[in-house]
Structure formats: C-alpha cells, structure tokens
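In the numbering used here, the protein residues as written are 86 to 608.
Quick reminder that beta carbons are idealized off the backbone N, C-alpha and C, glycines included.
A short worksheet on the structure shown next.
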Amino acid sequence: MAKVLLDPITRIEGHLSIEIDVQNGKVVDAKSIGNMYRGFEKILRGRNPLDANQITQRICGVCPVSHGLASSKCLDAAFGVKPNANGRLLRNLILAANYLQSHIIHFYHLSALDFVDIKALLTYTGSDAKLSGLRDWVKNELETKKDRADALTVAAPFLPRYEGKDFYIKDPAINLDAIAGYVKALDMRMKAHQMCTIFAGRMPHAISLVPGGVTQVPTRSAIRQYRSLLKEIEKFVNSVYFNHIVAVAKAYPDYFKLGGYNNFLVFGTFEGDDANKKYLFEPAVITAGKLEKLDTARIREQVKYAWYRSGSNLHPLKGETDADPKKGGAYTWLKAPRYDGKPMEVGPLARAVAAYLNPASNPYKEAIAGVLKSLQLDVSAVFSVLGRHAARVIESQILCKQAMGWLDELESGKSPRNSFDIPDVGEGEGLVEAPRGALGHWIVVKDKKIENYQCVVPTTWFCGPRDDNGVRGPVEQALIGTPISDPANPIEAARVVRSFDPCIACAVHVVEGDREIAKFRVV
Numbered sequence: 086m087a088k089v090l091l092d093p094i095t096r097i098e099g100h101l102s103i104e105i106d107v108q109n110g111k112v113v114d115a116k117s118i119g120n121m122y123r124g125f126e127k128i129l130r131g132r133n134p135l136d137a138n139q140i141t142q143r144i145c146g147v148c149p150v151s152h153g154l155a156s157s158k159c160l161d162a163a164f165g166v167k168p169n170a171n172g173r174l175l176r177n178l179i180l181a182a183n184y185l186q187s188h189i190i191h192f193y194h195l196s197a198l199d200f201v202d203i204k205a206l207l208t209y210t211g212s213d214a215k216l217s218g219l220r221d222w223v224k225n226e227l228e229t230k231k232d233r234a235d236a237l238t239v240a241a242p243f244l245p246r247y248e249g250k251d252f253y254i255k256d257p258a259i260n261l262d263a264i265a266g267y268v269k270a271l272d273m274r275m276k277a278h279q280m281c282t283i284f285a286g287r288m289p290h291a292i293s294l295v296p297g298g299v300t301q302v303p304t305r306s307a308i309r310q311y312r313s314l315l316k317e318i319e320k321f322v323n324s325v326y327f328n329h330i331v332a333v334a335k336a337y338p339d340y341f342k343l344g345g346y347n348n349f350l351v352f353g354t355f356e357g358d359d360a361n362k363k364y365l366f367e368p369a370v371i372t373a374g375k376l377e378k379l380d381t382a383r384i385r386e387q388v389k390y391a392w393y394r395s396g397s398n399l400h401p402l403k404g405e406t407d408a409d410p411k412k413g414g415a416y417t418w419l420k421a422p423r424y425d426g427k428p429m430e431v432g433p434l435a436r437a438v439a440a441y442l443n444p445a446s447n448p449y450k451e452a453i454a455g456v457l458k459s460l461q462l463d464v465s466a467v468f469s470v471l472g473r474h475a476a477r478v479i480e481s482q483i484l485c486k487q488a489m490g491w492l493d494e495l496e497s498g499k500s501p502r503n504s505f506d507i508p509d510v511g512e513g514e515g516l517v518e519a520p521r522g523a524l525g526h527w528i529v530v531k532d533k534k535i536e537n538y539q540c541v542v543p544t545t546w547f548c549g550p551r552d553d554n555g556v557r558g559p560v561e562q563a564l565i566g567t568p569i570s571d572p573a574n575p576i577e578a579a580r581v582v583r584s585f586d587p588c589i590a591c592a593v594h595v596v597e598g599d600r601e602i603a604k605f606r607v608v
C-alpha cells in the first residue's frame with residue numbers, strides 16, 4: 086500500500102491537503118486536511134450586528150457576495166424585515182453575476198489545466214497576439230530556466246504540473262482552442278465583476294448589501310449597462326464555455342463514472358416572490374435517491390477529528406469555535422457538518438440532482454436531460470466529476486436567461502429596501518446557495534449586540550473530515566475507488582477534488598499567528 090500526500094492542492098482558494106492510501110492502483114482511504122484556523126466567529130462576538138454584513142465578506146475575496154447575502158438574510162430574520170421587490174431582484178442580479186464569474190474561473194483557471202495540455206501552445210503559429218505572447222512566455226519557462234525553483238515561481242499557474250502518459254488531451258486543435266478560451270475567460274470574469282459592481286457598489290466585498298434589501302437604487306442607465314455585459318457573457322457561455330465542457334467530456338468519458346456521491350443538500354436561492362416561497366433553485370435534501378423537504382433544525386456540526394475543543398453535534402445557533410491545535414486524533418481545521426446525522430454534498434451537482442428529481446418542470450431539469458441525450462449518457466453519469474462541471478455550465482446558461490427577466494422586472498428609480506430597527510434580542514438564520522453550495526449564517530443577538538455568530542460554508546460540508554462515528558466526509562468518500570496510474574503524479578485524485586471547487590479560505594478562514602507558514606521570494 087502506498088500513502089500519497091497531495092500537499093498543497095493547487096488551483097483552489099486556500100490551503101488544502103489530501104492524504105490518500107493507494108492499493109492495487111486505486112484509492113482505498115482518504116483524508117481531507119484543512120491547514121488554516123477558522124476564527125471569524127470569535128471576531129464578531131460583542132459587535133454591532135450590522136458589522137457582520139461587512140466582516141463576514143472578508144472571509145473570502147472570491148465569494149464575498151454569497152457571505153454578504155447570507156449575512157443580510159440572517160439579519161433580515163433577526164430584525165423581522167424582508168426586502169421589497171426591487172431589493173429581492175437586485176440581490177438576485179448581484180448573486181447571478183457572482184455565480185457567472187465563479188463558474189467561469191473554476192473551469193478555465195482552476196480545473197481545465199487538469200485536462201488541457203499547455204505544451205500544445207508551443208506549436209502555435211497563428212496570428213492571435215495574446216496566444217503568441219503566451220506561447221513565447223511558456224516556451225521560455227519550459228526551455229530556458231535553469232533554476233527550477235525560479236521557473237516554478239514565475240510560470241504559475243501552468244507549472245508545476247503532473248507529468249504522465251495520456252494525462253492530457255491529445256488533439257492539438259482542441260488544446261489550442263481551450264487555451265484561447267482560458268485567455269478569453271479572463272476578460273469574461275472581469276465583465277462579470279463589472280456587472281456585480283453596478284448594483285453591489287464594489288467587488289470584491291459588496292457595500293450595497295444590507296438587511297431589508299440593498300442600498301443601490303436601480304436606474305435605467307444601470308439596467309442597460311448590466312444587460313449589455315450580460316449579453317456578452319451569455320454568448321461566451323453558450324458558444325465557448327459549453328463547447329469546451331463537451332470537448333472534455335468526450336475526451337475523458339471515464340470521469341462520468343468517478344468521484345460520485347449520493348447524499349445532497351440544497352438551501353435554495355434566487356427568490357421568485359417577495360414572500361420567499363418560490364426559488365429558482367429549490368431547497369431540498371436527497372438521500373438514497375429520495376427527495377425530501379429541508380429542515381435546518383436537523384443540521385449539526387461534529388468535531389471529533391477537527392482541532393476544536395468545542396462541544397460536538399451542536400446546531401449552529403448553539404455553535405462553538407474554540408481552537409485546540411494539539412487535540413489528539415484530529416487532522417484538520419474543518420468541522421464535520423451533518424444533516425440528520427449524514428454527510429452531504431452541496432453545490433452545483435446537488436442543485437442539478439434536486440432539480441432533476443423535482444416532479445415539477447423546471448429549466449434545470451430540461452437542460453440536464455438535453456445534455457445527457459446529446460452525449461448519449463444515462464442519468465447515473467450526473468453523479469461524477471464531469472457531472473459537476475456540466476452542472477456549472479448549465480447553471481450559467483440558466484442564470485443568463487433568468488437575469489434578463491429580473492432586469493425587466495426592476496422598477497427604475499424605486500426604493501430597493503425596507504427599513505428596520507435592531508432588536509434588543511433576536512435570532513436569525515440566513516441561507517444562500519453560493520456558487521459552491523449551501524451556505525448558512527446564524528446569529529444570536531442580545532442587548533443589541535452579537536452574542537453568537539456561526540457560519541457553515543459549502544466547503545466545510547464537502548471537504549469536512551470524518552464525523553464522530555468515523556463516517557468520511559463527501560470528498561474523502563468520493564475519492565475511494567479512484568484509479569491512480571502513478572502515485573508520484575496523482576492527477577486523477579486532484580481532478581476529483583478540484584471538481585468540488587474547494588474554498589478553504591471560507592471553511593477555515595484565519596491563519597494561525599504563532600507560526601511561520603511559508604517564505605516567498607518575489608522576482
């Protein structure tokens with residue numbers, strides 16, 4: 086048996102290590118190891134509840150909108166206020182823009198290099214100035230650097246990479262087209278951020294999100310600007326992003342059979358009415374293929390294998406975040422969230438499965454069926470590495486269409502929020518579907534201040550460790566059975582982990598201050 090450590094998992098947000106045991110060419114055991122300390126909950130205690138909206142956005146610069154919305158909804162509940170129609174629509178539009186940039190960066194800039202051969206760029210002879218410049222740069226790093234450490238520092242994110250036979254797409258034309266998509270996607274991400282700032286005020290870390298709605302009054306000019314950018318992104322999603330997902334799917338059909346999981350949790354998001362009774366992505370729980378109604382009272386966090394002395398199996402309203410870095414038997418800073426005692430995968434695949442199992446007709450279900458038919462796959466293929474990638478591009482297509490409709494519903498010049506008062510005491514729960522999955526914020530207010538605040542984030546759900554009963558977390562379980570052709574270059578395991586889109590900055594979001602993490606030489 087070979088023990089393999091992927092440390093760090095690169096091209097993700099934050100610091101994650103994966104330890105796998107490989108026997109007879111397959112993973113037989115796995116551990117997901119978060120290497121940073123989570124402590125924002127400590128920072129928030131005793132503060133004005135309104136501070137939570139801005140402070141929690143600093144958990145992560147990639148998905149601050151999701152935290153800002155979860156916190157706003159958490160305060161909505163604690164203060165007894167709901168957004169008006171404009172506020173609801175603007176929240177949807179801000180989050181939709183954040184989804185689009187997140188899904189685009191995940192495929193092109195984080196995951197595509199697990200499949201696309203960057204060395205194909207060396208043979209490029211076309212006239213595209215950006216590709217020619219990138220070709221010359223990569224060629225220089227690959228062929229002329231004598232100091233390997235220097236080359237690896239300068240050439241990131243393309244180097245270092247796993248080297249092995251048949252690791253990457255062989256067709257040079259597909260590789261070059263995907264690399265061109267990589268470059269184009271940088272511009273599309275910027276435009277998605279610009280869309281977000283139109284109504285959010287700033288990115289990262291939106292300033293317009295508040296309890297009761299948003300502060301930015303929609304104008305005709307702002308609506309036109311958002312719509313113009315959205316049309317550009319929609320064209321990219323439909324004609325470039327979707328085609329590259331299909332190309333990877335056809336080149337790596339085995340990844341429709343790898344990395345699957347069976348339990349799913351969806352909090353629901355993109356409200357369709359002011360009463361918060363309808364959602365584009367409906368709340369759901371799926372266990373053993375059965376669709377169940379969500380009941381957040383069943384959520385608990387367990388810490389037997391996490392470096393916390395906190396009480397175990399606590400609901401987030403009663404949650405504790407007390408560090409114990411010397412705790413015996415623990416191996417991660419991530420807690421182990423459980424729903425009704427079960428680990429749950431969250432994220433785009435969870436939303437896709439919930440939509441597919443929903444007896445009502447919905448655009449997500451129809452899109453999934455169409456993709457499966459075009460690739461000649463049955464529904465079991467969805468439960469996989471490539472199922473997650475496909476779910477993201479389908480969500481992107483759906484959100485481009487839905488956002489156009491939300492723009493039409495906005496009332497230009499009308500108020501985007503309702504007023505509120507901070508109560509002496511109160512409790513709140515704010516649930517959002519972040520791009521990466523189910524995100525929950527919980528607050529307890531006493532004497533108009535925060536007595537307790539807990540965040541349970543998507544990556545904690547799927548990258549969490551074994552629970553108190555020794556049951557593996559979703560990423561740990563999804564790795565079991567993954568073939569590893571070369572333990573020294575375990576790209577197969579990296580593909581499985583990255584398909585979840587981990588964000589460890591969210592899951593464990595403050596570095597310990599009493600030890601050196603790393604040294605860097607800036608060149």
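Cut-off 8 Å between Cβ atoms - residues of its own chain near residue i, not counting five sequence neighbours on either side
i: Leu219; result: Leu206, Ile264 and Val268
i: Ser357; result: Per the sequence shown, the amino acid found at residue 357 is Gly instead of Ser. If we look at Gly357 and ignore the five residues flanking it on each side, its Cβ neighbours are Lys363, Tyr364 and Leu365.
i: Lys276; result: Leu314, Glu317 and Ile318
i: Thr304; result: Ser497 and Gly498
Same chain only: Cβ atoms within 6 Å of residue i, ignoring 5 sequence neighbours per side
i: Thr238; result: Unreliable positioning characterises Thr238 in this predicted model, as indicated by a pLDDT of 47, which lies under 50. A coordinate reading is not provided.
i: Trp527; result: Pro401, Leu402, Glu514 and Gln539
i: Phe468; result: Gly345
i: Phe164; result: Pro296 and Phe505
i: Ile479; result: Ala452
i: Ala285; result: Ile179, Ala291 and Ser293
i: Leu379; result: Pro368 and Val370
i: Leu663; result: Here the chain covers residues 86 to 608 and nothing more, so residue 663 does not appear.
i: Arg287; result: none
i: Gln142; result: Pro149, His152, Gly153 and His290
Contact check, residue i vs residue j, beta carbons under 8 Å
i: Tyr184; j: Pro520; result: yes
i: Val50; j: Thr354; result: No statement about residue 50 is possible, as the shown extent of the chain runs from 86 to 608 and does not include it.
i: Val147; j: Ile179; result: no
i: Gly253; j: Asp202; result: The question names Gly, but residue 253 is Tyr in the sequence shown. The answer is yes: Cβ separation under 8 Å.
i: Val322; j: Gln487; result: no
i: Lys427; j: Ala440; result: no
i: Asn171; j: Pro444; result: no
i: Leu91; j: Ala579; result: yes
i: Leu495; j: Leu271; result: no
i: Ile507; j: Ile97; result: no
i: Phe200; j: Val223; result: no
i: Val530; j: Gly549; result: no
i: Asn138; j: Trp418; result: no
Whole-angstrom distance between residue j and residue i, CA atom to CA atom
i: Glu317; j: Ile283; result: 16 Å
i: Val89; j: Asp586; result: 21 Å
i: Lys534; j: Leu195; result: 40 Å
i: Leu216; j: Cys591; result: 34 Å
i: Pro245; j: Asn574; result: 11 Å
i: Cys485; j: Pro257; result: 31 Å
i: His100; j: Pro93; result: 6 Å
i: Pro168; j: Leu492; result: 17 Å
i: Ser397; j: Lys320; result: 48 Å
i: Asp409; j: Ala415; result: 9 Å
i: Met273; j: His191; result: 13 Å
i: Gln562; j: Asn347; result: 10 Å
i: Thr544; j: Val431; result: 8 Å
i: Asp571; j: Gly110; result: 8 Å
i: Arg394; j: Leu129; result: 19 Å
i: Glu104; j: Pro559; result: 14 Å
i: Glu386; j: Glu405; result: 9 Å
i: Phe327; j: Val333; result: 10 Å
i: Leu350; j: Ile118; result: 22 Å
i: Val581; j: Ala115; result: 12 Å
i: Thr381; j: Ala437; result: 20 Å
i: Asp359; j: Ala182; result: 21 Å
Short CB-CB distance (under 8 Å) between residue i and chain D
i: Lys427; result: The chain inventory of the structure shown lacks chain D, comprising one protein chain alone.
Opposing strand residues paired with residue i [DSSP bridges]
i: Tyr193; result: Answer by DSSP bridge pairing: none, since Tyr193 is not bridged.
i: Gln539; result: Trp527
i: Arg274; result: In the DSSP output, where bridge partners are listed per residue, Arg274 has none listed.
i: Phe366; result: Thr354
i: Ser117; result: Ile103
i: Thr417; result: Ala391
i: Leu198; result: The partner list for Leu198 (beta bridge, DSSP) is empty, contrary to what the question assumes.
i: Glu430; result: Phe349
Contacting residues, own chain, Cβ-Cβ under 7 Å from residue i (five flanking each side not counted)
i: Thr372; result: Asn348 and Lys427
Does the segment 551-571 come into contact with the segment 331-345, if we say contact requires no fewer than three beta-carbon pairs (one atom in each stretch) closer than 8 Å?
yes
Are the segment 545-555 and the segment 414-433 in contact at 8 Å, needing three or more beta carbon pairs?
yes
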